[in-house]
Each structure stands twice: as C-alpha cells, then as structure tokens.
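>
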Amino acid sequence: MTRGKPKNGILVFTGNSNPDLAKAICAYLKLAVGSADVGRFSEGEIRLKVNDDVRGQDVFVIQSTSPPANDNLMELLIFLDALRRSSASRITAVMPYYGYARQDRKDQPRVPITAKLVANLLVGAGAQRVLSMDMHAGQIQGFFDIPVDHLYAAPVFINYFKRPQFKNLVVVSPDVGGIKMARAFAKRLHAELAIVDKRRVSDEEAEVMNLLGEVRGRTAVIVDDIVATGGSLCEAAHALKKHGAQDIYAAVTHPVLSGPAMERIAKAPLQQLVVTDTIPLGPGRRHRKIKVLSVAPLLGEAIRRIHLEESVSSLFV
Ligand code: R5P
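Next comes the structure, spelled out in structure tokens:
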C-alpha cells in the first residue's frame, strides 16, 4: 500500500450569519473560504453539504449566533455534525458573537441557563474547541469542558481612540457589570473612569440612577459588549450630556441593534458609535453615526495560532 499525503491542513468554512467577515478572515490567512452549500429545503429546514474533503484536517467554522439567532445556531450545529461525520481531525466553532448569552445564571425561579444549554449543544454536535470574542459574561467559558479561546476587541478600539483627535478622555461603563472592561480601556488610554449606575426597567428600557466620576468638559467614550435595543447606551449618553460631557462616543463590540435601537441612536447625543464586524450591519441598521472596525485580522491571527499551537493570550499583552 502506498502512503497517502499526510493531512494536517487548515480549512475555514462559514455559515450564512457573516460571510463577509469569513472572507476577510480568510484573506488575512491567505486562504479561500471552504466550499459548502448551506441552504434550505422548501419548507425552511436547513440543508447542508460540505464540498471540500475535510478528512484529517484542522477545520474552523465561522458563525455568529446573531439574529436570526435560532437559524444561525441551528446552521452551526448542523455544520458541526457534518464535519464530525466527515472525519475532520479537529473542529473549532468560531463564534465572533456568542448569542443566547444573556440567560447565564439562575437569577430567578423557573428560568433556564440558556448559555449553558447552547454550550452543551455545540459540544454534542461536534465542536472540539470554541473561539469567541467579548462574551457577555466571561464565566460562559466555564460552561464548556473543551478549550475556549476568548478574544477581546479592545486592541482594535484602543488603536482607534488613541489617535490625537481624541483628547481629554474619560472612559464610561454604562453599568456596574461593565466596570472591568471599562477600567481596562481607561488604563490603556491613560484616561479617567466614570460609571453609570443603571437600573433595567424592562428588556427594552434602562434608567440611569447616578453617574459616578467627573465628565464635565471631557470627551466621553462609553464602552460595552453589546448594543441591542440601545437603551443602556442612549440613556448613558443622555446622562453624560446632562452632566456636561463635551463630546460623547461609544465603543461597542457586538452591534445587535434590535427593536428601537436605530431610532434611539439617531436621537441620542452621540458623536459616533464605533462597533466591530462580529455582526454584519444589514439594511436598515446602517447610520452615518455608526462606524465599523474590523476584527478579522484579530480572529485570523487567533485561528493561525490555534492551528500552529501557538499562544493566543499573548495577542493581548
Ligand atoms: C448589559 O449587561 C450589556 O452589557 C449591555 O449593556 C446590554 O445587553 C445592552 O442592551 P440594550 O442595548 O438593550 O440596553
């Protein structure tokens, strides 16, 4: 028997959630996007076929579980199943945005822990590693018993706000839960820190109770992981304006932008909302105030390092 060519190559596939990001990641890696058909049967069920031979390969599937979250999650699960059954040697679910992260603990009676359920589903379907970015809660990493590489978009935002036109900065956390993220930004931008004491009135409404820290006359940068309905962000922007902030910017990793978000952003005293491309801005979710920075090089570099068994954490030192 002649020995075949050894296989330990890398293949990167994408579902339908964010093909542009997948293309940009593959461009960074100097690879073509793997060939797969991810379509629908006539009644709407997902039909998938991987066209490339993946046997023995190190395979990455890029899919944010952004809206429509159920469709995108199901596509990812089916993709993982197809790859596992096709004898890929290692399968990494690359989830730039990990949706279903907000129910991450039993904080009321009779509620699910959906973030854990999703973790179980991913592993059950065939994921052997997960690569994600700015998860809503860091502890979601512990919901997996497989390796999770957790990236931060912070270096991309910090490069942007380090430019000389941004002076006299104060970094603002829009709620108590975001203090750690805001403090890390403030340290790297040599800026002061302010904190908004927010009360959530409902899923769509947030109310500012207090503002801690000095913002008068400063350029405020609100940092957060998600902008969904825009309630937290826009209430914080209004409070900053009321307390005398001169210019107000925001740096938010995942632009979910659901429900009344676009209207709120248009009306809020925000100079600019800077987001990343973990979630694409489809039609109706673009606005002159919204600027998109790409995290494709960061994700591409992390994929390269995972493939070559190099340190990923050293990307952030
Ligand atoms: C809250 O803990 C998160 O960090 C975000 O502030 C929140 O999910 C944003 O949601 P919304 O835009 O609907 O206020």
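Counting along the sequence shown from 1, when you hit position 180 you're at 309 in our numbering, and nothing is skipped either side. Ideal Cβ positions, reconstructed from N, Cα and C, are used throughout, including at glycine. A quick note: this is a predicted structure, and the numbers were derived from the prediction, not measured.
Kindly provide the ranges of any beta strand (DSSP E) runs that are 3 or more residues long and lie completely inside the segment 157-188, ordered along the chain.
If we require 3 residues or more, the beta strand (DSSP E) runs fully inside the segment 157-188 come out as 165-169 and 175-179.
> Could you pull out every residue in the same chain whose Cβ sits closer than 6 angstroms to the Cβ of Leu-369, ignoring the five residues on either side in sequence?
Excluding residues within five positions, the ones whose Cβ falls inside 6 angstroms are Val-344, Ala-349 and Ile-377.
> Kindly provide the chain-ordered list of residues whose Cβ lies closer than 6 angstroms to any non-hydrogen atom of the ligand R5P.
Taken from the N-terminal end onward, the list reads Pro-303, Asp-304, Gly-306, Gly-307, Ala-335, Asp-353, Asp-354, Ile-355, Val-356, Ala-357, Thr-358, Gly-359, Gly-360, Ser-361 and Leu-362.
> Could you give the C-beta distance for Phe-208 and Gln-192, rounded to a whole number, given that I count them as a contact under 8 angstroms?
Confirmed, about 7 angstroms.
> Do you know offhand how far Arg-328's Cα is from Val-337's?
Distance between the alpha carbons of Arg-328 and Val-337 is about 6 angstroms.
> Are Leu-250 and Leu-212 close, meaning C-beta to C-beta below 8 angstroms?
Taking 8 angstroms as the Cβ cut-off, Leu-250 and Leu-212 do not qualify as a contacting pair.
> Could you tell me how far apart the beta carbons of Val-325 and Val-301 are, in whole angstroms, since I believe they sit closer than 8 angstroms?
Right, the Cβ-Cβ distance comes to about 6 angstroms (below 8 angstroms), so this counts as a contact.
> Is the Cβ-Cβ distance between Val-385 and Thr-405 less than 8 angstroms?
In this structure, Thr-405 does not lie closer than 8 angstroms to Val-385 by Cβ.
> Report yes if the C-beta distance between Ala-165 and Phe-189 is below 8 angstroms; otherwise report no.
No; because the gap between Cβ atoms is not below 8 angstroms, this pair is not in contact.
> Using the rule of at least 16 other Cβ atoms within 10 Å of the residue's Cβ for burial, across every protein chain shown, is Gly-411 buried or exposed?
By the 10 Å Cβ count, Gly-411 comes out exposed.
> Of the choices Lys-316, Pro-284, Val-277 and Ser-423, whose alpha-carbon is the least far from that of Leu-150?
Closest by alpha carbon: Ser-423.
> First and last residue of the alpha helix (DSSP H) that includes Met-391?
Taken as a continuous stretch (DSSP letters only), the alpha helix (DSSP H) holding Met-391 covers 390-396.
> Would you give the residue range spanned by the alpha helix (DSSP H) that Glu-430 belongs to?
Run containing Glu-430: 425-436, per the alpha helix (DSSP H) assignment.
> Please report the straight-line C-alpha distance between Asn-201 and Ser-146, rounded to a whole angstrom.
Spanning the two alpha carbons is a distance of roughly 6 angstroms.
> Taking Ile-287 and Arg-239 to be in contact with their CB atoms under 8 angstroms, please state how far apart those CB atoms are, rounded to whole angstroms.
Between Arg-239 and Ile-287 the Cβ distance is about 42 angstroms, and since that is not below 8 angstroms, they are no contact.
> Please list the segments of the beta strand (DSSP E) lying wholly inside the segment 275-314, counting only runs of 3 or more residues, in order along the chain.
Qualifying beta strand (DSSP E) stretches, in chain order: 277-280 and 298-302.
> Can you list, in chain order, the residues of its chain whose CB lies under 8 angstroms from that of Ile-275, leaving out five sequence neighbours each side?
Counting only Cβ-Cβ distances below 8 angstroms, and skipping sequence neighbours, we find Val-252, Ala-256, Gln-257, Arg-258 and Val-259.
> Do Ala-366 and Ile-351 come within 8 angstroms of each other at the CB atom, strictly closer than that value?
Yes.
> Out of Gly-306, Glu-333, Ser-331 and Gly-342, state which residue places its alpha-carbon closest to the alpha-carbon of Glu-321.
Ranking Gly-306, Glu-333, Ser-331 and Gly-342 by Cα distance to Glu-321 puts Gly-342 first.
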